[in-house]
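S.K.: Sharing a structure, written as structure tokens. Questions coming.
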Amino acid sequence: MSKKNNGKRYNDDFRKMIVDLYHSGSSVKDLSSEYGISEVSIYAWIKKFSPIELEDGSSVTPDDYAKLQKQLLRIQEENEILKKAMAIFARK
416 MSKKNNGKRY
426 NDDFRKMIVD
436 LYHSGSSVKD
446 LSSEYGISEV
456 SIYAWIKKFS
466 PIELEDGSSV
476 TPDDYAKLQK
486 QLLRIQEENE
496 ILKKAMAIFA
506 RK
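In short: position in the sequence shown from 1, add 415, done, that's this note's numbering.
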């Protein structure tokens, strides 16, 4: 038996365009019927691509924030490894 994927795939540019249309005043229901996308998908894209305003006036999307969190964790792990290596080399 082969597994058939009937789901549509949209690239990030298309998703961002839909979110921009939503922010410019189009309703989710109108966008859903016009582009043939489920309302649930559009709401998920709005959540993912809508910018969050920061205290310093800049903005970041939740997707960018998640990427920054992941990068911070990786750098913290690298820092711990380097501290341990320094301790080993300092003993010699």
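Beta carbons are placed, not taken as given, at the ideal position from N, Cα and C, and that holds for glycine. Computed from a prediction, not measured in an experiment: that's the story for all the values here.
(1) Using DSSP with H/G/I as helix, E/B as strand and the rest coil, what is Ile-467?
(2) Quick check: Val-434 and Ile-452, are their CB atoms within less than 8 Å of each other?
(3) Here's the rule I'm using: 16 or more other beta-carbon atoms within 10 Å means buried, otherwise exposed. How should Ile-457 be labelled?
(4) So the alpha helix (DSSP H) Lys-485 belongs to, where does it begin and stop?
(5) Let me know if Val-455 comes out buried or exposed under the rule of 16 or more other beta-carbons within 10 Å of its beta-carbon.
(6) Sorted by chain position, which residues of the same chain lie with C-beta nearer than 7 Å to Ser-474's C-beta, five sequence neighbours on each side aside?
(7) So for Ser-456, helix, strand or coil by DSSP?
M.R.: In this structure, then:
(1) strand
(2) no
(3) buried
(4) 477 to 506
(5) exposed
(6) Pro-466, Ile-467 and Glu-468
(7) helix
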